[in-house]
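Enquirer: Residue numbers (our numbering), protein chains in the order written: chain A, 529 to 874; chain B, 269 to 658; chain C, 5 to 183.
Backbone N, C-alpha and C fix where the C-beta goes; we use that ideal spot for every residue, glycine too.
#1: Please list, in chain order, all residues of the same chain as residue 582 of chain A whose beta carbon is under 6 Å from its beta carbon, the five residues on each side excluded.
#2: Can you list the residues of chain B that residue 174 of chain C reaches, using a CB-CB cut of under 9 Å?
#3: Between the beta-carbon of residue 564 of chain A and the beta-carbon of residue 547 of chain A, is there less than 8 Å?
#4: Counting pairs of beta carbons, one from the segment 564-582 of chain B and one from the segment 345-355 of chain B, are three or more of them closer than 8 Å?
#5: Label residue 689 of chain B either buried or exposed according to how many other C-beta atoms from any shown protein chain fall within 10 Å of its C-beta, with 16 as the threshold for buried.
#6: Compare the beta carbon distance of residue 571 of chain B and residue 385 of chain B with 8 Å and say whether it is the shorter of the two.
#7: Return the residues of the segment 766-784 of chain A that lie within a Cβ-Cβ distance of less than 7 Å from chain B, sorted by chain order.
#8: Could you check which residue in B/410, B/548, B/564 and B/319 has the C-alpha nearest to that of residue 470 of chain B?
#9: Restricting to Cα atoms, I'd like to know which of A/839, A/764, A/550 and A/691 is closest to residue 850 of chain A.
#10: I believe residue 75 of chain C touches residue 124 of chain C by the beta-carbon criterion, under 8 Å. Please report the beta-carbon distance rounded to the nearest angstrom.
#11: Does the Cβ-Cβ distance between residue 611 of chain A and residue 670 of chain A come in under 8 Å?
#12: Indicate the three-state DSSP secondary structure (helix, strand or coil) for residue 854 of chain A in the structure shown.
#13: So is residue 658 of chain B in contact with chain C if we call contact Cβ pairs under 8 Å?
#14: Taking only beta carbons into account, state which residues of the segment 575-594 of chain A come closer than 8 Å to chain C, listed in chain order.
#15: Looking only at its chain, what residues have a beta carbon closer than 7 Å to the beta carbon of residue 527 of chain B, apart from the 5 residues adjacent to it on each side?
#16: Quick one: residues in its chain with C-beta nearer than 6 Å to the C-beta of residue 535 of chain A, no 5 flanking neighbours on either side, listed in chain order?
#17: Could you pull out every residue in the same chain whose Cβ sits closer than 7 Å to the Cβ of residue 392 of chain B, ignoring the five residues on either side in sequence?
#18: Given that residue 484 of chain A touches chain C, what residues does it touch there, using C-beta distances under 7 Å?
#19: Decide if residue 512 of chain B is buried, meaning its Cβ has at least 16 other Cβ atoms within 10 Å, or exposed.
#20: Evaluate residue 803 of chain A with the Cβ neighbour count: other Cβ atoms within 10 Å of its Cβ, from every protein chain shown; 16 or more gives buried, anything less gives exposed.
#21: Can you list the residues of chain B that residue 135 of chain C reaches, using a CB-CB cut of under 7 Å?
#22: Going by beta-carbon coordinates alone, are residue 841 of chain A and residue 494 of chain B separated by less than 8 Å?
#23: Along the segment 842-857 of chain A, where does the CB come closer than 8 Å to a CB of chain B? Name the residues.
#24: Report the option in B/322, B/339 and B/554 whose CA atom is closest to the CA atom of residue 658 of chain B.
#25: Determine the extent of the beta strand (DSSP E) in which residue 64 of chain C is found, giving its start and end residues.
#26: Quick check: what's the CA-CA separation for residue 80 of chain C versus residue 305 of chain B?
#27: Can you check which of these residues, B/445, B/303 and B/468, is closest to residue 363 of chain B by C-alpha distance?
#28: Who are the near neighbours of residue 455 of chain B in its chain, counting only those whose CB is closer than 7 Å to its CB and skipping five residues on each side?
#29: Under a CB-based cut-off of 8 Å, is residue 63 of chain C close to chain A?
#30: According to DSSP, simplified to helix, strand and coil, what is residue 665 of chain A?
#31: Name, in chain order, the residues that DSSP records as bridge partners for residue 341 of chain B.
#32: For residue 694 of chain A, go through chain B and note every residue whose CB falls closer than 8 Å to its CB, in chain order.
#33: According to DSSP, residue 91 of chain C sits in a beta bridge with which residue or residues?
#34: Extract the residue ranges of the alpha helix (DSSP H) inside the segment 784-863 of chain A, only unbroken runs of 4 or more that lie entirely within it.
#35: Count the other CB atoms within 10 Å of the CB of residue 867 of chain A; is the residue buried (16 or more) or exposed (fewer)?
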């Protein structure tokens with residue numbers, strides 16, 4: 529996540545670009561790996577009174593490498609009636625949306641991939657690309673379970689896109705910008721009733737927005753209370769049913785990396801992003817500390833995601849839609865209204 | 269510019285109108301979803317052929333027999349002690365309970381009665397197999413509805429009960445401990461205190477399940493009003509056990525038809541629920557586990573002393589005759605109809621297993637529900653494949 | 005609606021288990037020690053002792069066996085193979101007649117077929133068969149699960165003494181012959 533402009537002096541455009549690509553890959557894979565190990569392997573195991581993997585490396589820390597090795601060895605099976613190209617391309621489309629998402633997340637005053645004035649807008653737009661990938665997987669697999677899963681996923685992701693965007697609108701109104709970097713600065717420079725000790729993380733003023741964002745995020749990630757598209761006990765694994773080997777691994781990475789990236793966006797929008805209270809946000813040290821702060825916040829937020837995932841049963845498709853359209857969206861609209869009124873009033 | 273004759277115009281309009289009507293009345297083709305025989309939700313090899321319209325089930329048909337092992341036929345060429353080892357494997361989660369009705373039927377034919385101590389220990393193990401069985405259900409139903417952790421909790425705490433069963437019978441899953449005229453062995457020293465500790469753990473587990481699953485709003489939303497079985501329809505399909513008790517029918521073989529077991533000497537309650545839906549079935553089973561743990565405590569407190577084996581010849585020949593004994597097994601009423609011609613082996617054994625009858629209501633019950641509800645209903649009916657296919 | 009929503013209570017249960025697993029010693033000694041807190045056992049490194057009655061594997065005390073074939077006949081899936089012959093043994097007392105004893109040539113149990121029901125141990129009238137809680141005898145090839153009498157005799161060493169009974173019992177405690 530560390531961009532090189534400040535650390536290594538001026539670089540040519542191609543050098544910057546390749547550094548950014550490497551940084552993006554590291555950001556996605558590192559986050560996905562950390563989340564899988566810390567949450568899926570360890571904390572969730574502890575929740576269930578067990579230890580999780582213990583054999584590969586100290587406390588099973590190399591288990592992930594073993595898993596990746598296993599997936600790479602496996603045969604890449606194509607169902608006979610599958611739509612070959614669509615089937616093969618789907619995981620990449622899903623993963624692409626993750627990689628495109630990560631570019632808007634800033635990790636420090638100079639550690640950013642693109643400094644876009646429409647960062648939030650871009651993030652929300654790009655996150656819907658995964659729907660296409662999931663629908664492609666569901667359709668291309670030529671399996672009824674996959675098709676049902678894909679259709680459910682499409683309905684669900686479209687329904688929850690709306691509360692996700694609307695929850696963000698409150699933050700955008702309050703910060704007055706769609707630039708993720710400027711949103712962090714706005715929070716760092718903010719003050720709570722005139723006291724600027726810890727800035728003003730928007731979770732304090734946008735608590736409802738944060739709640740909505742977390743719920744909608746859970747649904748966007750198709751994690752358990754909203755995991756109808758995967759639903760192991762009904763649709764085997766939904767749109768992923770027919771995948772094996774490396775393509776399944778891509779879906780798997782996509783799932784966890786997207787969880788990480790969405791948490792990163794939530795951290796930037798609501799928890800103040802990379803800044804540390806008391807350190808000047810423009811200090812060069814923040815380019816090193818910022819990503820670490822971000823990683824901590826990501827791990828914290830994803831813990832919530834996985835805590836919910838492993839505690840709750842899942843909704844039914846119609847209940848899930850009802851929740852989105854009848855509860856979350858009106859709530860989000862009310863939140864925008866209140867935020868707008870307060871913004872104009874003060 | 270081409271001139272279009274009136275005739276052409278008219279036929280074009282007619283075609284458009286026909287298209288429009290077709291679009292209006294367009295009927296989408298249904299889909300047949302084949303759940304199983306290898307499907308994560310059918311825990312075993314049950315197959316459900318569901319005809320769907322969208323996600324709604326038009327008709328569903330259970331196909332069973334993928335794991336038919338022919339126990340009724342096998343029993344005809346096995347001596348009575350050997351049959352006990354076989355029938356263990358019918359409902360493999362609560363296996364001791366499978367032996368009891370068979371042994372009771374054989375005892376009825378031989379006109380022997382187990383000594384009191386044997387009867388009490390038999391009842392204790394019978395109830396313990398119920399706890400082991402239904403506690404698994406509590407976790408499993410939550411798992412089917414998407415919550416992973418309750419299943420782990422169920423396996424974790426069930427272990428305590430299985431350990432106690434193993435400590436006395438030597439087998440965790442297949443005790444083969446019941447003998448005609450008594451039991452194979454007496455309890456080892458220290459078993460009673462350990463078992464009481466395990467029962468306390470199980471009650472704690474019930475509390476946890478109540479908080480984690482039963483009180484969960486999502487669980488209630490998924491299971492309330494889903495798969496409602498009215499009492500009369502349930503009875504006409506031959507439902508038994510917790511499935512019929514959760515439809516409000518106050519019928520428990522342990523209380524109404526005690527034979528050979530000592531439930532009548534205990535202080536306990538038959539739980540019923542008026543709703544008859546999936547939630548009620550979960551609720552009733554949860555209460556039953558708790559009630560069983562209390563029963564086991566009472567049984568261990570009141571354990572009489574004495575021998576554990578009645579006088580039975582070493583080589584067992586059962587006199588000619590017929591006997592039918594049914595008991596309230598964890599899954600429902602299980603009965604054995606044994607016909608003997610006075611040989612070493614039974615002439616014919618008919619096994620009435622609970623799950624077979626319980627699952628037979630599915631075509632009626634699954635009509636018009638959604639695909640996710642199929643899973644809820646199947647999970648809440650609670651069947652063990654071995655008990656269906658035998 | 006309950007006072008505390010069930011969703012929160014559920015989170016409390018899983019979260020509580022998480023804390024109990026990570027901090028098994030409670031708040032007085034908050035040192036993370038999940039290895040102690042978890043209910044699972046790390047199998048090859050750490051083993052749970054099965055109870056003495058556990059039906060792990062059948063051990064043969066060869067001296068007691070008279071090749072009477074009762075076990076082989078009573079076995080529900082006929083997985084015991086016995087061959088024997090009669091032979092003259094030296095007399096018990098000097099000057100007596102030589103005795104006729106049954107000698108055991110072959111005593112194989114096919115553990116691939118065995119369903120561990122314990123009937124053979126029960127029916128043995130000479131106390132030649134015993135249950136051992138030993139359970140680690142898997143083989144890569146199914147044919148190798150046919151174990152002969154020398155292997156079965158090795159397991160005699162792992163047979164534990166019979167436990168005493170619970171109060172109120174009138175059963176007699178059996179003994180294991182010394183090997």
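Expert: Quick answer:
#1: Excluding the 5 residues flanking it on each side, residue 582 of chain A has same chain C-beta neighbours closer than 6 Å at 588, in chain order.
#2: Per Cβ cutoff of 9 Å: 385, 454, 573, 574, 575 and 576.
#3: No, the Cβ-Cβ distance between residue 564 of chain A and residue 547 of chain A is not below 8 Å.
#4: No contact exists between the segment 564-582 of chain B and the segment 345-355 of chain B.
#5: In the structure displayed, chain B extends from 269 to 658; residue 689 of chain B sits before or after that span and is not available.
#6: For residue 571 of chain B and residue 385 of chain B, yes; Cβs fall inside 8 Å.
#7: Near chain B, meaning a CB-to-CB distance below 7 Å, no residue of the segment 766-784 of chain A qualifies.
#8: Just measuring C-alpha positions, the residue of B/410, B/548, B/564 and B/319 sitting nearest residue 470 of chain B is B/564.
#9: Residue A/691 is the option with its Cα nearest to residue 850 of chain A.
#10: Yes, they are in contact, since the Cβ atoms of residue 75 of chain C and residue 124 of chain C sit about 4 Å apart, within 8 Å.
#11: It is a contact, given that the beta carbons lie within the stated cut-off.
#12: If DSSP states are grouped into helix, strand and coil, residue 854 of chain A belongs with the helices.
#13: Not an interface residue.
#14: Per Cβ criterion, the list reads 575, 576, 577, 578, 579 and 582.
#15: So the qualifying residues of the chain are 372 and 593.
#16: Reliability fails at residue 535 of chain A, whose pLDDT of 49 lies under 50, so the model's placement of it is uncertain and the value that follows must be treated cautiously. Within the same chain, residue 535 of chain A has no close Cβ partners at all.
#17: Excluding positions up to five away in sequence, the list reads 564, 567 and 568.
#18: There is no way to answer for residue 484 of chain A, as the model of chain A reaches only from 529 to 874.
#19: Label assigned to residue 512 of chain B: buried.
#20: With 16 or more Cβ atoms within 10 Å of its Cβ, residue 803 of chain A is classed as buried.
#21: Chain B residues near residue 135 of chain C: 438.
#22: No, the pair does not count as a contact, with Cβ atoms beyond the cut-off.
#23: Using a CB distance below 8 Å, the part of the segment 842-857 of chain A facing chain B consists of 842, 843, 844, 845, 846 and 847, ordered along the chain.
#24: Per the Cα distances, B/339.
#25: Where residue 64 of chain C is concerned, the enclosing beta strand (DSSP E) stretches over 61-64.
#26: If I take the Cα positions, the gap works out to 29 Å.
#27: With distances taken between CA atoms, residue 363 of chain B lies nearest to B/445 out of B/445, B/303 and B/468.
#28: Same-chain partners within the cutoff: 389 and 436.
#29: For residue 63 of chain C, no CB of chain A lies under 8 Å from its own CB, so it is not counted at the interface with that chain.
#30: In this structure, residue 665 of chain A counts as helix in the three-state DSSP scheme.
#31: BP columns for residue 341 of chain B are empty, so no partner.
#32: Within 8 Å Cβ-Cβ: nothing; residue 694 of chain A doesn't reach chain B, min ~23 Å.
#33: Under DSSP, residue 91 of chain C takes part in a beta bridge, and its partners are C/105.
#34: The qualifying runs are 814-837 and 845-850.
#35: Counting Cβ neighbours within 10 Å, residue 867 of chain A comes out buried, since at least 16 surround it.
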